[in-house]
Structures are given as structure tokens and as C-alpha cells.
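Colleague: One rule links them: number in the numbering used here = place in the sequence shown (from 1) + 1411. A single structure is presented below for examination.
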Amino acid sequence: MPASFVRRLSMTMLSVGVSAPLLAQTLPPVRPLGAVVRISPSDVFGSISTVRPLPGGRVLVNDLVRRQLLLLDSTLVQEAVVADTTAATANAYSGRTAGLIAYRGDSSLFIDPASLSMLVIDGAGQVTRVMAVPRPSDAQFMIGGPFGTPGFDSKGRIVYRGFTRPNLPPPPSPSDPPGARMQVPQQPDSAPILRVALDTRALDTASFFRIPKTSAKVTQNDRGQVSVQMVMNPMPVVDDWTLLPDGTLALVRGADYHVDWLAPDGSRTSTPKIPFEWQRLSDEAKATFLDSAKTAMEATRARGMTASGGAQTIIGAPGGGGPGGGGGIVMRFEGGGPPPTGAAPAVTGGAPTTMSMPAINMVPASELPDYRPAFGTGATRADLDGNLWIRTSKVANGGPVYDVVNRQGALIDRVAFPFGRVIAGFGPGVVYLGVRDDKGARLELARIR
């Protein structure tokens, strides 16, 4: 499910009766983002996933909807198509998802999980060579998006969020009574941050971070039909992560809002809690939020359904969970086991099916946190100066407020973004914004100040 769903829920929470904020210390004032100085045409993109600045003000833009990697000039006008689904680029964009990450110097890597290949793109936007994905089983997790922001550390290793293996239930026992309740694998509540070397393929685990957790319940009726229901928490307390330009790994902890740092030399440090306007949720506010969350999720699910010859597609998990990402819409799969959590099952062609979509289940209000979380999944990016930009749950004039945290863990700025804008990338003193509204998708370039 798109991350915009969770952002809408964060804004909804401001209207459900939270109590006065708790302040541990004086906060920097919230200021508006600097002026927008460039805007791309609105007919170029279907979406904007990632932006990679190049020398001379040009940029590479990954468009997941149209499955194109585009090169724009310094005025944000399209200059060339680097990869798409046509023969002109040798079908370089062969899958439905792909990632764009910074590589050595001004070069970039375009990762295509479908072909298990990585295109090396130079600073001029030209493909110079093709490499194999170092770990084919992890290719999908190297693309970024719902899995964080992959990158390279100082030793040339790709750093990315790894696959989460479900916790398997004990096997059935001959002593189990007839009709005993079936059990399904449960998703863990944490995921690893992995590092893999391109040359040796050596792999190690840098750290772990907390992710949304999906719980599953299996029932079986008297006709032997099996029903699997996934239950989600629309307000999970999670961690987030990103890489700084020097390869430092930053892990933002959601429980108390502080940052753990893993430096290029291997040293680990923790910095103090970041001040935040914590807002307590009453029982009434929790119940109201769950109702609003369910309504918003039903609407999002309806928009995610496609009607092409009777086909229906259900997409994603809340907060950009994706496969193994935690969270999830409720599904009932009769007559067989469920697909991986967050997968996109399709019902085709009007033929009979054993799959049905029940109403969405949420956790009870008692399982929601007592304080509104400071941030959600995929909230953190790093600018070129090594500062963290954390999209918080605070809203100003309808848009998100970003906390800017320096390498010492100090909150140095709070910046209000216009409504409907998210960070797509950073350049020197500027930020690239992805926008999607009734005019379409477009890219904006704004000054940080």
C-alpha cells in the first residue's frame, strides 16, 4: 500500500482529540521550506520515486509507474530516456520495480530485480556497463522505496534492508485433535540491515531495526475451507534508517526518538533523545483514529483495484511495507495458503475464484501506543551535508514537518513542506520534491533555505 496512506493517517490524527503536547525542552521554530526555483512539466512522469543529481544541474529520475529512467537537463526538461521497456534501451526496465542509487563519484546504479542486473550510469547519464546483482535473492530489497534508502559505505559495500524470515510454527503432531486450529508463519517485528561486497559477495549484518508487524489468524469451517486473516496496526512504533554521504549508518529509534550511529570505522554511538512534541492519545482518540484509519484504508484499497476485463489487483502494505515489510490489508484466501505478506494477488478474467476480500481488520484500540509516534516507515533521508531529514507526524498548514538532525544528534531545524510534497533527493543547498496531484506527477526543485 502506498506510503501516502500512512501520511494521510498522520494528518488524520491531528483531528481526533489528542491531548496537549509534552515538551522536554525548547524546540526550534517551524519554518517554511525555501522557494521553489524549478518545476518540471506535468506530462513527463507517471510517478517520481528517486532523483539522482548529476554534474551541471542535470538529474536522473526513476519513474516506477511508466517504468522509465529519465535524464533531465538543469531546467528539469526531459533530455533523454536512459532505460524503459522498449527495444531502444534493450528493455532495460524489464520489471515493474527498479531502484536508483548513488555509486562511485558521479556515477549511479540502476538496479533491475527482474533481470538481476545493475546498469552503471556515468555522470553524463550514459550506461557504461552492466553488472550482476551480488545477491539475486535480495535484489528486490536493494531498490529502496519501502525498504529504506540503500547506498554504498566507505568500503564499497551495498547497504540495504534485508529479507525478514517468518517465524515458523511447530509442525502438526499426530496427537493433535481433529479440526485443531491451524497455524501460519508469523512475520517478525525487526529486519536486518545488510552489507554485501560487489567483488567478493561477502555478506554481513550491520544492525537490526524495528518494522511494522503483521499478525495472521487461520480458521477452517466445517467444509474444510481455510481462511487466513491478516490484522494490521495502523499506528505502529517503528525504527527507520538511512546512510550518510560518508557511509555512516543512522538508525532512528521510534520508541524514544534517538539516533544510533554506525561509523565507517565500525564504531557505534548513540546520541540523546531528540526533543519532540509528544501528544498523548486518549482512549476516545484511539477509537476515533481506528475508525478513520479503516475508512482511509478502504478508500485506498478501492483506488488500488483495477478493472481490466474483470481483473482485480490488490496492492501493497501500509507504510510501503511490500513483501516482508510488515503491515498489510486483510485478505482471505480459501482453499490454500496465503501469498507472501504484502504481495499483489490478482484475480483474472471473470473466472471462478476461491479468493475473497473481507472487511479490513485492525488491532484493538488497547494495542495502539499511548503517544502518537514521532515518525513512520520510510521517513528519513540524508542531505549532502550529512544531516538527517526526518518526516515527522507533525503537520503544519496541511503539509509534513521535517526534523533536521545533525551528526551529533542535535535537532538543528524544523522545516514545513507544502502539502503533497515528499523528498526525492538532495543537491547542494537544494532539495528535489516529488509531487502528485490533480495536475499529475512532477518534480520541483526548492532551496533548502
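Note that the Cβ used here is the ideal one computed from N, Cα and C, for glycine as well. As the structure is a prediction and not an experimental result, all values here were calculated from the model.
Check each candidate in 1790, 1789, 1776, 1497 and name the one with the smallest Cα separation from residue 1479.
Modeller: Of the candidates 1790, 1789, 1776, 1497, the one whose C-alpha sits nearest the C-alpha of residue 1479 is 1497.
Colleague: Indicate the three-state DSSP secondary structure (helix, strand or coil) for residue 1646 in the structure shown.
Modeller: In this structure, residue 1646 counts as coil in the three-state DSSP scheme.
Colleague: Could you say which of 1791, 1620, 1565, 1520 lies nearest to residue 1656 if we only look at CA atoms?
Modeller: Taking only the C-alpha atoms, the option nearest residue 1656 is 1565.
Colleague: Let me check one thing: in DSSP terms, what residues is residue 1522 bridge-paired to?
Modeller: DSSP lists 1510, 1529 as partners of residue 1522.
Colleague: Residue ranges of each alpha helix (DSSP H) run of no fewer than 4 residues wholly in the segment 1603 to 1676, ordered along the chain?
Modeller: Runs of the alpha helix (DSSP H) inside the segment 1603 to 1676: none found.
Colleague: Determine the burial state of residue 1805: buried for a count of at least 16 other Cβ atoms within 10 Å of its Cβ, exposed for fewer.
Modeller: Residue 1805 comes out buried.
Colleague: Nearest by alpha-carbon distance to residue 1614: which of 1570, 1529, 1441 is it?
Modeller: Closest by alpha carbon: 1570.
Colleague: Based on Cα-Cα distance, which residue from 1489, 1466, 1458 lies nearest to residue 1474?
Modeller: The shortest C-alpha separation from residue 1474 is found at 1458.
Colleague: To the nearest angstrom, report how far apart residue 1550 and residue 1527 are at their CA atoms.
Modeller: Roughly 7 Å between the two C-alpha positions.
Colleague: The beta strand (DSSP E) with residue 1450 in it runs from where to where?
Modeller: Per DSSP, residue 1450 belongs to the beta strand (DSSP E) from 1447 to 1450.
Colleague: Taking just the CA atoms, how far does residue 1630 sit from residue 1662?
Modeller: Approximately 38 Å between the Cα atoms of the pair.
Colleague: If you pair each beta-carbon of the segment 1680 to 1687 with each one of the segment 1817 to 1827, do three or more pairs fall below 8 Å?
Modeller: Yes, since at least three Cβ pairs between the segment 1680 to 1687 and the segment 1817 to 1827 fall closer than 8 Å, the two stretches touch.
Colleague: Taking the straight line between their C-alpha atoms, what separation do you get for residue 1620 and residue 1675?
Modeller: Cα to Cα, the separation comes out at about 19 Å.
Colleague: Using a Cβ-Cβ cut-off of 6 Å (strictly less than) and excluding sequence neighbours within five positions of residue 1664, which residues of its own chain qualify?
Modeller: Excluding positions up to five away in sequence, the list reads 1650.
Colleague: Between residue 1852 and residue 1700, what straight-line distance do the alpha-carbon atoms span, to the nearest angstrom?
Modeller: Approximately 29 Å between the Cα atoms of the pair.
Colleague: From the DSSP output, read off the bridge partner residues of residue 1542.
Modeller: According to DSSP, which records beta bridges pairwise, residue 1542 is partnered with 1529.
Colleague: Anyone know if the C-beta pair for residue 1839 and residue 1795 falls short of 8 Å?
Modeller: Cβ atoms of residue 1839 and residue 1795: closer than 8 Å.
Colleague: How long is the line joining the alpha carbons of residue 1548 and residue 1680, rounded to whole angstroms?
Modeller: Each residue's alpha carbon lies about 31 Å from the other.
Colleague: Going by DSSP in three states, residue 1558 sits in which element: helix, strand or coil?
Modeller: In this structure, residue 1558 counts as helix in the three-state DSSP scheme.
Colleague: Mind checking which residues open and close the beta strand (DSSP E) that includes residue 1803?
Modeller: From DSSP, the beta strand (DSSP E) with residue 1803 extends over 1799 to 1807.
Colleague: Is residue 1466 helix, strand or coil by DSSP?
Modeller: Helix, per DSSP.
Colleague: With DSSP as the reference, label residue 1496 as helix, strand or coil.
Modeller: Note: residue 1496 maps to coil in three-state DSSP.
Colleague: Would you say the segment 1637 to 1654 touches the segment 1774 to 1789, given that touching needs at least three Cβ pairs under 8 Å?
Modeller: Segments in contact, yes.
Colleague: Terminal residues of the continuous beta strand (DSSP E) containing residue 1837?
Modeller: Taken as a continuous stretch (DSSP letters only), the beta strand (DSSP E) holding residue 1837 covers 1832 to 1838.
Colleague: When DSSP labels each residue in this structure, what does residue 1551 get in the three-state scheme?
Modeller: Residue 1551: helix per DSSP, three-state reduction.
Colleague: Of all the options 1494, 1563, 1637, which has the alpha carbon lying nearest to the alpha carbon of residue 1627?
Modeller: For residue 1627, the nearest C-alpha among the options comes from 1637.
Colleague: Suppose contacts are defined by Cβ-Cβ distances below 8 Å. Is residue 1845 in contact with residue 1827 by that definition?
Modeller: Cβ atoms of residue 1845 and residue 1827: not closer than 8 Å.
Colleague: Here's a check: name, in chain order, each residue in its chain whose Cβ is nearer than 7 Å to the Cβ of residue 1666, leaving out the five neighbours to either side.
Modeller: Excluding positions up to five away in sequence, the list reads 1648.
Colleague: To the nearest angstrom, report how far apart residue 1669 and residue 1683 are at their CA atoms.
Modeller: Near 6 Å, if we compare the C-alpha coordinates of residue 1683 and residue 1669.
Colleague: With residue 1570 as the anchor, note down where its beta strand (DSSP E) starts and where it stops.
Modeller: Per DSSP, residue 1570 belongs to the beta strand (DSSP E) from 1568 to 1572.
Colleague: If you measure between the beta carbons of residue 1873 and residue 1673, is that distance less than 8 Å?
Modeller: As shown, the chain starts at 1412 and ends at 1860. That puts residue 1873 outside it, with no answer to give.
Colleague: For residue 1851, which beta-bridge partners are listed by DSSP?
Modeller: The partner list for residue 1851 (beta bridge, DSSP) reads 1848.
Colleague: So residue 1824 is in the beta strand (DSSP E); what residue range does that whole segment cover?
Modeller: Counting along the chain, the beta strand (DSSP E) containing residue 1824 begins and ends at 1822 to 1827.
Colleague: Can you check whether the CB of residue 1538 is closer than 8 Å to the CB of residue 1854?
Modeller: Cβ atoms of residue 1854 and residue 1538: not closer than 8 Å.
Colleague: Please state if the CB of residue 1489 and the CB of residue 1455 are separated by a distance shorter than 8 Å.
Modeller: Closer than 8 Å, so yes.
Colleague: Compare the C-alpha of residue 1847 against each of 1834, 1859, 1858 and name the closest.
Modeller: Taking only the C-alpha atoms, the option nearest residue 1847 is 1834.
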